[in-house]
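Asks:
Number of protein chains: 2
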Amino acid sequence: MKTILASASPRRRELLTQIGMEFEVRVSNVEEKVTAVEPGQVVEELSRQKAEAVLKAAEESEEVLVIGADTIVVFEGQILGKPSAAEYAVEMLSRMAGNGHEVYTGVTLLYRKHNGAVQRKIFHERTKVAFFPMTETEIRDYVRSGECMDKAGAYGIQGLFARYVRGIEGDYNNVVGLPAGRLYQEAKEWLES
Amino acid sequence: MKTILASASPRRRELLTQIGMEFEVRVSNVEEKVTAVEPGQVVEELSRQKAEAVLKAAEESEEVLVIGADTIVVFEGQILGKPSAAEYAVEMLSRMAGNGHEVYTGVTLLYRKHNGAVQRKIFHERTKVAFFPMTETEIRDYVRSGECMDKAGAYGIQGLFARYVRGIEGDYNNVVGLPAGRLYQEAKEWLES
Chain H
2 MKTILASASP RRRELLTQIG MEFEVRVSNV EEKVTAVEPG QVVEELSRQK AEAVLKAAEE
62 SEEVLVIGAD TIVVFEGQIL GKPSAAEYAV EMLSRMAGNG HEVYTGVTLL YRKHNGAVQR
122 KIFHERTKVA FFPMTETEIR DYVRSGECMD KAGAYGIQGL FARYVRGIEG DYNNVVGLPA
182 GRLYQEAKEW LES
Chain P
2 MKTILASASP RRRELLTQIG MEFEVRVSNV EEKVTAVEPG QVVEELSRQK AEAVLKAAEE
62 SEEVLVIGAD TIVVFEGQIL GKPSAAEYAV EMLSRMAGNG HEVYTGVTLL YRKHNGAVQR
122 KIFHERTKVA FFPMTETEIR DYVRSGECMD KAGAYGIQGL FARYVRGIEG DYNNVVGLPA
182 GRLYQEAKEW LES
């Protein structure tokens with residue numbers, strides 16, 4: 002059986018490697034269409050679109066497990082994506098500093114057997130994150146480090162930003178981009194088959 | 002000012018590096034004496050003994066910030082240290098699997114100025130950790146990986162063991178060995194001086 006990660010994220014790759022999984026990365030350009038409104042549903046929908054596109058492109062004779070994932074940050078009921086410019090990163094962090102927010106990662110697991118039958122598991126995990134207060138200088142220095150630019154919510158919990166994280170409630174790796182524990186638990190019946 | 006980490010732990014070194022601190026490592030062989038009983042007090046006491054021993058050995062003319070730390074795992078009111086043999090690791094994990102426990106890290110910051118005056122900050126952070134259930138085979142396979150042998154509670158949350166972690170409450174890095182956020186917040190007045 003071949004495991005395929007349907008994501009170009011280096012952090013997701015590292016997490017799967019950390020938990021001892023062997024896999025390859027395949028990314029399909031899929032036009033993301035969101036019909037859901039509730040954050041958990043949004044990330045499930047997006048993770049499914051990514052996974053289905055990669056499964057569709059895979060050879061029909063392959064026995065595969067495809068993993069799709071999508072992560073968003075929710076602050077005061079608003080979804081925050083990746084900042085498109087440094088000024089937006091400063092704005093996001095200024096609002097989030099000293100406060101709490103939530104990170105949602107949706108995961109879709111698609112397991113296709115040799116006979117073509119597909120089994121699906123779709124779920125999401127939510128993690129609450131609390132930040133220490135930050136001065137304007139700290140925010141600007143952090144944004145200048147560049148760490149924030151490709152990350153939802155404009156911070157990387159596994160990087161320099163750990164300075165400003167007071168604590169979390171839920172799965173830490175979910176904030177990094179993949180709920181590694183839950184994912185392994187859900188996938189293991191297929192990994193062992 | 003020179004920052005000194007009074008710990009040989011590679012994980013603590015990585016965490017300080019992650020949050021952008023420059024430091025050197027100095028370890029003093031100190032006979033650890035615990036008079037406290039409450040877990041938070043125990044780790045504070047041990048972190049202080051390590052830091053004081055390193056400060057004492059440092060040249061008097063040096064302006065230094067010494068960081069001492071100690072981490073323990075508490076399960077059902079009992080302190081679990083590092084397993085001395087594989088069979089104890091299996092025993093610890095068999096008890097902890099499917100359950101919750103607490104990780105305490107105590108930190109001592111000693112800041113000595115040129116004039117010899119010493120300022121102290123001593124604190125601890127507690128993080129709750131919940132494990133998924135594990136089969137006997139999973140426990141034995143994990144112990145065989147060797148990851149558990151030099152770690153309090155016989156697991157490394159930042160390694161392969163992430164497979165079995167359901168979630169946490171508190172600072173993740175505190176489980177790894179150093180509450181990086183709190184430490185930075187407490188130390189920054191001295192780091193900037």
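Just so you know, the protein sequences line up as chains H and P, in that order. FYI, in our numbering the residues of the first sequence are 2 to 194. FYI, in our numbering the residues of the second sequence are 2 to 194. We put the CB at the ideal spot given by N, CA and C, even for glycine.
In this structure, how does DSSP classify lysine 122(P) when only helix, strand and coil are distinguished?
Replies: Here lysine 122(P) sits in strand by DSSP.
Asks: Am I right that leucine 94(P) and isoleucine 140(P) are in contact with their C-beta atoms under 8 Å? What's the rounded C-beta distance?
Replies: Contact flag correct, Cβ pair sits at about 5 Å.
Asks: Distance, Cα to Cα, arginine 49(H) vs phenylalanine 162(P)?
Replies: In a straight line, the C-alpha of arginine 49(H) is about 27 Å away from that of phenylalanine 162(P).
Asks: Report the start-end ranges of each alpha helix (DSSP H) in the segment 32 to 106 of chain H that is 4 residues or longer and not cut off at the edges.
Replies: Counting whole runs of 4 or more residues, the segment 32 to 106 of chain H contains the alpha helix (DSSP H) stretches 40 to 58, 87 to 97.
Asks: Report the neighbours of valine 166(P) on chain H: residues whose CB is nearer than 9 Å to its CB, in chain order.
Replies: Within 9 Å Cβ-Cβ: Asp172, Tyr173, Asn174, Ala181, Gly182.
Asks: Looking at valine 1(H): is its Cβ nearer than 8 Å to the Cβ of isoleucine 169(H)?
Replies: Beyond the ends of chain H as shown, which are 2 and 194, falls residue 1(H); an answer cannot be given.
Asks: Answer with yes or no whether the minimum CB distance from histidine 117(H) to chain P is below 8 Å.
Replies: The question names histidine, but residue 117(H) is glycine in the sequence shown. By this cut-off, glycine 117(H) is not an interface position.
Asks: Might you give, ordered along the chain, the residues of its own chain that have their beta carbon closer than 6 Å to the beta carbon of leucine 179(H), omitting 5 neighbours on each side?
Replies: Same-chain partners within the cutoff: Arg13, Leu16, Ala70.
Asks: Going by beta-carbon coordinates alone, are alanine 188(P) and threonine 72(P) separated by less than 8 Å?
Replies: No, the Cβ-Cβ distance between alanine 188(P) and threonine 72(P) is not below 8 Å.
Asks: Of all the CB atoms in chain P, is at least one closer than 8 Å to the CB of alanine 58(H)?
Replies: Not an interface residue.
Asks: Taking the beta carbon of serine 10(P) as the centre, do at least 16 other beta carbons fall within 10 Å, making it buried, or is it exposed?
Replies: Its Cβ being crowded by 16 or more others within 10 Å, serine 10(P) is buried.
Asks: Between tyrosine 185(P) and the rest of its own chain, which residues show a CB-CB distance below 6 Å, the 5 nearest in sequence each way excluded?
Replies: Around tyrosine 185(P): Ile20.
Asks: For the alpha helix (DSSP H) containing leucine 179(H), name the first residue and the last one.
Replies: Careful: leucine 179(H) lies outside any alpha helix (DSSP H) and carries neither H nor E.
Asks: Measure the alpha-carbon distance for tyrosine 165(P) versus glycine 182(H) and round it to whole angstroms.
Replies: Going from the Cα of tyrosine 165(P) to the Cα of glycine 182(H) covers about 5 Å.
Asks: Work out the CA separation of alanine 7(P) and serine 29(P) for me, nearest whole Å.
Replies: The alpha-carbon atoms of serine 29(P) and alanine 7(P) are separated by roughly 7 Å.
Asks: Closest Cβ-Cβ distance between alanine 70(P) and chain H: below 8 Å?
Replies: So, not an interface residue.
Asks: Please check if any C-beta of chain P sits within less than 8 Å of the C-beta of lysine 163(H).
Replies: First, the amino acid is wrong: residue 163(H) is alanine here, not lysine. Yes, its Cβ sits closer than 8 Å to a Cβ of chain P.
Asks: May I have the straight-line CA-CA distance separating asparagine 175(P) from methionine 97(P), to the nearest angstrom?
Replies: Taking the straight line from one Cα to the other gives about 18 Å.
Asks: Looking at the structure shown, is lysine 114(P) part of a helix, part of a strand, or coil, going by DSSP?
Replies: Looking at lysine 114(P) - three-state DSSP - the assignment turns out to be coil, as it is neither helix nor strand.
Asks: Need the endpoints of the alpha helix (DSSP H) that isoleucine 198(P) sits in, please.
Replies: Since the first residue shown for chain P is 2 and the last is 194, residue 198(P) is missing from the structure and cannot be characterised.
Asks: Can the beta-carbon of tyrosine 105(P) be found less than 8 Å from the beta-carbon of valine 75(P)?
Replies: Yes, these two residues count as a Cβ contact at 8 Å.
Asks: Considering only C-alpha positions, which residue in the set Gly107(P), Thr128(P), Trp191(P) is nearest to alanine 37(P)?
Replies: Closest by alpha carbon: Gly107(P).
Asks: Can you tell me whether histidine 102(H) is buried or exposed, with buried defined as 16 or more other CB within 10 angstroms of its CB?
Replies: Buried.
Asks: By the 10 Å Cβ neighbour count, where 16 or more other Cβ atoms means buried, how is proline 84(H) classified, buried or exposed?
Replies: Buried, since its Cβ has 16 or more Cβ neighbours within 10 Å.
Asks: Show which residues of chain H have a CB atom less than 9 Å away from the CB atom of tyrosine 112(P).
Replies: Neighbours of tyrosine 112(P) on chain H: none; closest Cβ ~18 Å, over 9 Å.
Asks: Leaving out five residues on either side along the sequence, give the residues of the same chain with a beta carbon under 7 Å from the beta carbon of glycine 171(P).
Replies: These residues qualify, in order along the chain: Glu126, Arg127, Thr128, Lys129.
Asks: Given a cut-off of 8 Å on the beta-carbon distance, is the pair leucine 56(H) and glutamate 33(H) in contact?
Replies: Their beta carbons are not under 8 Å apart, which means leucine 56(H) does not touch glutamate 33(H) by this criterion.
Asks: Where does glutamate 25(P) sit, in a helix, a strand or coil, going by DSSP?
Replies: Reduced to three states, the DSSP call for glutamate 25(P) is strand.
Asks: For the beta strand (DSSP E) that contains arginine 167(P), what are its first and last residues?
Replies: Looking at the DSSP string, the run of the beta strand (DSSP E) that includes arginine 167(P) is 166 to 171.
Asks: Since I believe isoleucine 123(H) is in contact with valine 65(H) (beta carbons under 8 Å), could you give me their beta-carbon distance rounded to a whole number of angstroms?
Replies: No, valine 65(H) and isoleucine 123(H) are not in contact; Cβ-Cβ is about 17 Å, not under 8 Å.
Asks: Select from the segment 121 to 135 of chain H all residues with a C-beta closer than 7 Å to any C-beta belonging to chain P, and list them in chain order.
Replies: The segment 121 to 135 of chain H vs chain P, Cβ under 7 Å: Phe133.
Asks: When the Cα of valine 67(P) is compared with those of Glu23(P), Glu39(P), Val91(P), which residue comes out closest?
Replies: Per the Cα distances, Glu23(P).
Asks: Is DSSP giving alanine 163(P) helix, strand or coil here?
Replies: Helix, per DSSP.
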